[in-house]
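Student: Can you read through this structure? Questions will come right after.
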Amino acid sequence: MKNNRFIVEVVVGIVLLAIGFLGYIWISYYMNQYQDIPDDMVSWFHLHVIQYLSSGHNPASDTYLRFIDGRNLLLSPILLDLFIVKMNLSPWITVVVLSLVYILLVFTVSYLISNKNMYVAGFSTILFSFVPAFIYWFKYNMFGAYVSQSLWLAVPILLGLGLRHNRLYLIIIGSILSGILWLMWPGAWIIPVMYSVYLSALIYKGTIFRESLLTGLLLLVFSLPLNILTGFLYVTVYHIFSLVLLISNIVIGYIEYRVTRVVGEYSRFAWRIIGSIMGYAIGLASAFLLLDFISGYGVYEDYYRLYNPLYDYGIIGVLSVIAIIAVVRSHILVDLKNNFLEFVLIAGFIIGLIASYFDPTLTVFTASCIVPFVSLSLISIASFLSSTSRGLYRVVYIVVAAWILFGSILGNAIPSYALITTPPSVYYGDFTHDILHNKSIPESPLLKALSYIKNNTDRESLIISYWGFSYWVVGYIGGRAHTLADYKGSLRGQRIISWIMISDENTAYQLIKKLVGNNSNINVYVLVSEVVSIEKGGATPIANYAHIGRPIVIPSQTPGQTQVLYQPIGDIARIPLYLSLINATIQSYIDYTKARAYFEAPLAWKDNTKQSLLVKLVVDALRKESLSVVNDVLSPIPVEGVSPPQFFKHVSTIMLPLYPVDTGTTTLNVTYMVALYKVETNIS
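Have a look at this one:
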């Protein structure tokens with residue numbers, strides 16, 4: 001009978017694991033209608049890195065992202081990119097494979113912490129497979145160094161088994177894997193932090209043992225020394241904090257292990273309390289003291305998506321409270337040596353909740369820590385309900401138990417479906433999903449504008465645009481596109497872009513000629529974007545007005561009437577930023593007295609601003625669409641005194657209608673405009 005139950009349990013567990021695999025593939029691939037367009041900023045960056053390395057270029061000086069200075073890619077986590085290039089792998093297939101490995105490791109961890117319960121292990125894979133954060137960061141059209149975290153669960157599994165059974169080889173293998181992740185995964189600093197918390201708990205309980213100190217030393221050896229040996233220099237303030245914290249706790253742990261056991265009971269208790277928290281103070285202080293030195297290393301990854309705990313974790317976030325209560329009541333954390341895995345998972349969950357504010361990809365790490373306990377709690381509740389009654393009540397309880405399990409899966413699947421059907425970030429450009437009232441955009445105006453360069457020229461191109469677009473530009477066009485700066489710098493490149501945008505046309509043209517020099521084999525383009533509100537008909541039946549900015553309707557001082565303010569979104573909105581970077585006197589360009597609200601300040605142009613290249617290109621692009629351009633902060637009549645550009649040839653204007661706004665007197669159609677101009681570099 002027991003054998004039959006065991007076979008049934010194994011079969012059910014494997015079936016649930018298979019459902020978890022298939023569920024992930026179904027929602028992240030088959031339901032994903034944007035498979036060919038990478039999402040999030042980080043995906044475009046790593047797509048560019050893979051293309052760049054595939055061409056055999058020098059990773060220490062990427063002049064495609066930074067045309068003047070060159071970006072040292074070795075300061076970014078590119079080891080996984082290099083591996084993909086060497087093995088000639090597809091980054092998107094790699095994400096799918098690593099996702100399945102992640103799910104399998106969650107299954108394994110759940111199996112171990114539940115006393116080898118296949119029901120718990122199988123159900124945890126289904127829960128994890130539909131967690132919104134996991135679906136977003138590991139869907140088919142997402143890629144980045146963060147996907148290396150899929151292997152992290154193998155580290156506590158190996159270390160836990162090694163510590164429990166005194167198997168040094170398992171501890172060494174786990175430490176080596178931690179070292180590999182240290183080079184590959186931007187969030188790998190969290191592993192030494194978790195182990196430091198474990199050492200702190202041992203110090204507090206007075207149960208530190210030799211193998212725990214040895215494990216800490218091995219984790220230390222396979223960390224920063226690897227950066228020095230390999231030349232991969234992605235080291236951030238978080239890495240330094242984690243290492244100093246680990247070193248401090250190892251030293252304090254050694255003192256506890258070798259020295260304080262000979263002192264009195266009271267003195268030792270006081271030492272354990274102080275020692276368990278001392279390392280964190282030392283770690284934080286050291287990280288801040290070394291902040292200026294570290295800033296030269298480790299270029300942080302760029303993410304479009306922000307951390308939203310309620311949405312990222314789905315139903316798991318709510319059920320985690322029940323799981324933690326169950327863990328505390330079960331006393332499984334009392335024996336820290338034999339329950340290393342359980343302790344580290346709970347510690348990782350708490351640390352991850354906070355760390356995700358700085359690195360949103362750690363939401364997946366956090367979910368992987370708590371899902372096994374959530375699964376254990378739900379299976380325990382369902383088992384209790386279905387076995388403690390008889391007759392009709394038993395049927396009712398079984399239905400309730402089934403609904404608890406099914407509802408928890410559904411609670412994850414619904415927000416995950418919403419995520420997978422949302423267009424990639426490049427569709428939104430200057431917008432956010434919230435500004436659009438959560439409406440989807442049918443196409444990407446930015447990619448549509450860049451497609452001209454991609455499809456109509458084989459020459460290399462320099463695209464001058466806001467540096468926040470740089471990853472999209474080089475990632476989409478491929479190995480023929482250059483930008484002056486990216487989101488992380490260089491400051492020199494960002495200043496040059498600002499000078500070009502704010503200067504008058506002739507000055508901007510001369511700056512561009514100096515940039516290109518005698519290189520006649522490169523095309524130069526300027527890309528601008530802005531939001532306008534189009535009023536069909538306007539004051540006369542034949543006029544079409546394009547009001548710069550999106551309308552914000554507020555009550556007027558006159559009862560029953562409204563007032564329309566305009567918020568620029570795009571390059572016009574960035575005028576104060578451009579001015580600050582070139583150290584210009586803002587009052588020479590902006591007349592704040594004309595702005596009716598703080599967000600209208602970029603529209604309060606003085607003559608210097610009106611003659612800038614940026615304004616000239618925006619106005620000209622709209623005029624090419626037979627629109628009369630209106631800056632309502634200056635005047636309700638169309639803008640005057642802005643002549644067509646002479647040295648910049650209009651290539652295309654992409655107009656994408658977004659949503660209508662009823663002002664009470666007319667209807668304004670909010671539209672996103674992206675315009676591309678080619679610089680006539682052959683003019684003397």
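UniProt numbering puts the sequence shown at residues 1 to 684. Where is the CB? At the ideal position from N, CA and C, for every residue including glycine. The model shown is predicted, which means the values in this text are computed figures rather than measured ones.
On the three-pair Cβ rule with 8 Å, is the segment 28 to 46 touching the segment 414 to 433?
Tutor: Yes: at least three Cβ pairs fall under 8 Å.
Student: Pull up the distance between the alpha-carbon of Thr207 and that of Gly348, whole angstroms please.
Tutor: Whole-angstrom Cα-Cα distance: 21 Å.
Student: Within the continuous beta strand (DSSP E) that includes Arg210, where are the two ends?
Tutor: Premise fails: Arg210 lies in the alpha helix (DSSP H), Arg210 to Val221, not in any beta strand (DSSP E).
Student: Taking His650 as part of the beta strand (DSSP E), name the residues at either end of that continuous run.
Tutor: Counting along the chain, the beta strand (DSSP E) containing His650 begins and ends at Phe648 to Asp662.
Student: Just list the residues that DSSP pairs Met673 with in beta bridges.
Tutor: BP columns for Met673 point to Glu530 and Met655.
Student: From Ile316 to Ile113, what distance separates their C-alpha atoms?
Tutor: C-alpha separation (whole angstroms): 18 Å.
Student: Spatial neighbours of Ser503 within its chain, please: CB distance less than 8 Å, with the 5 preceding and 5 following residues excluded, ordered by chain position.
Tutor: Closer than 8 Å at the Cβ level, and outside the excluded window around Ser503, lie Leu511, Ser612 and Leu613.
Student: What is the DSSP secondary structure of Lys616, reduced to helix, strand or coil?
Tutor: Looking at Lys616 - three-state DSSP - the assignment turns out to be helix.
Student: Suppose you measure from the CA of Gly20 to the CA of Ser124; what does that come to, to the nearest Å?
Tutor: Taking the straight line joining both Cα atoms gives about 9 Å.
Student: Using a Cβ-Cβ cutoff of less than 8 Å, which residues in the same chain neighbour Ile176 once the five nearest sequence positions on both sides are dropped?
Tutor: Same-chain partners within the cutoff: Phe222.
Student: Got a sec, what are the start and stop residues for the alpha helix (DSSP H) Val334 sits in?
Tutor: No alpha helix (DSSP H) holds Val334; DSSP gives it neither H nor E.
Student: Just verifying my parser: in three-state terms, what is the DSSP assignment at Leu165?
Tutor: Sequence inspection shows His at residue 165; the Leu mentioned does not correspond to that position. Helix.
Student: Would you decide whether Asp36 is buried or exposed? Buried here means 16 or more other CB atoms lie within 10 Å of its CB.
Tutor: Per the 10 Å Cβ criterion, exposed.
Student: Can you pull the DSSP bridge partners for Thr667?
Tutor: Asp662, per the DSSP bridge assignment.
Student: Just list the residues that DSSP pairs Leu378 with in beta bridges.
Tutor: Beta-bridge pairing links Leu378 to no other residue.
Student: Confirm the yes/no value for this check: CB of Ser451, any heavy atom of the ligand SAH, distance under 7 Å.
Tutor: Absence of the ligand SAH is noted for the structure shown, with no ligands found whatsoever.
Student: Which residues in the same chain as Tyr297 place their Cβ atom closer than 7 Å to its Cβ, once the five residues preceding and following it in sequence are excluded?
Tutor: The answer, listed in chain order, is Leu75, Leu233 and Val235.
Student: Report all residues from its chain with a CB closer than 6 Å to the CB of Val147; omit the five preceding and five following residues, and keep chain order.
Tutor: The residues are Val95 and Leu98.
Student: If contacts are defined as beta-carbon pairs under 8 Å, then Tyr589 and Ser498 qualify, I think. What distance do you get, rounded to the angstrom?
Tutor: Actually they are not in contact, since the Cβ atoms of Tyr589 and Ser498 sit about 12 Å apart, beyond 8 Å.
Student: Rounded to the nearest angstrom, what separates Gly23 and Ser196 at their Cα positions?
Tutor: Spanning the two alpha carbons is a distance of roughly 36 Å.
Student: Taking the Cβ atom as the reference point for each residue, do Lys488 and Asp359 lie within a distance shorter than 8 Å?
Tutor: No; because the gap between Cβ atoms is not below 8 Å, this pair is not in contact.
Student: With distances taken between CB atoms, is the gap from Gly364 to Ala133 smaller than 8 Å?
Tutor: Residue identity differs from the one stated: residue 364 is Val in this sequence, not Gly. Yes.
Student: Going by the beta-carbon positions, is the gap between Asn339 and Ile332 smaller than 8 Å?
Tutor: Yes; because the gap between Cβ atoms is below 8 Å, this pair is in contact.
Student: Taking the Cβ atom as the reference point for each residue, do Leu378 and Leu405 lie within a distance shorter than 8 Å?
Tutor: Result yes, Cβ atoms of Leu378 and Leu405 sit closer than 8 Å.
Student: Please identify the residue among Val524, Gln33, Pro657 and Val642 whose C-alpha is closest to the C-alpha of Lys439.
Tutor: Nearest option by C-alpha distance: Pro657.
Student: Name the one or two DSSP bridge partners that Gly570 has.
Tutor: Answer is Glu530, bridged to Gly570.
Student: Would you report the Cα separation of Trp182 and Leu462, rounded to the nearest angstrom?
Tutor: Roughly 35 Å between the two C-alpha positions.
Student: Quick one: give me the first and last residue of the beta strand (DSSP E) that Ser76 is part of.
Tutor: That residue, Ser76, is in no beta strand (DSSP E); it is neither H nor E in DSSP.
Student: Taking the straight line between their C-alpha atoms, what separation do you get for Ile14 and Phe431?
Tutor: If you take the alpha carbons of Ile14 and Phe431, they lie about 44 Å apart.
Student: Looking at the structure shown, is Glu460 part of a helix, part of a strand, or coil, going by DSSP?
Tutor: Glu460: strand per DSSP, three-state reduction.
Student: Let me check understanding here. Comparing Cα to Cα, which of His650, Gln51 and Ile103 lies closest to Ser368?
Tutor: The residue with the shortest Cα to Cα distance from Ser368 is Ile103.
Student: Classify Tyr545 as helix, strand or coil using the three-state DSSP reduction.
Tutor: It is a strand residue.
Student: Is the distance from the Cβ of Val661 to the Cβ of Pro445 below 8 Å?
Tutor: Not a contact, by the Cβ cut-off of 8 Å.
Student: Since Pro132 is in the alpha helix (DSSP H), which residue starts that stretch and which ends it?
Tutor: Run containing Pro132: Pro132 to Trp137, per the alpha helix (DSSP H) assignment.
Student: In the DSSP assignment, what residue or residues form a beta bridge with Arg550?
Tutor: Gln567.
Student: What residues are listed by DSSP as bridge partners for His482?
Tutor: Answer is Leu462, bridged to His482.
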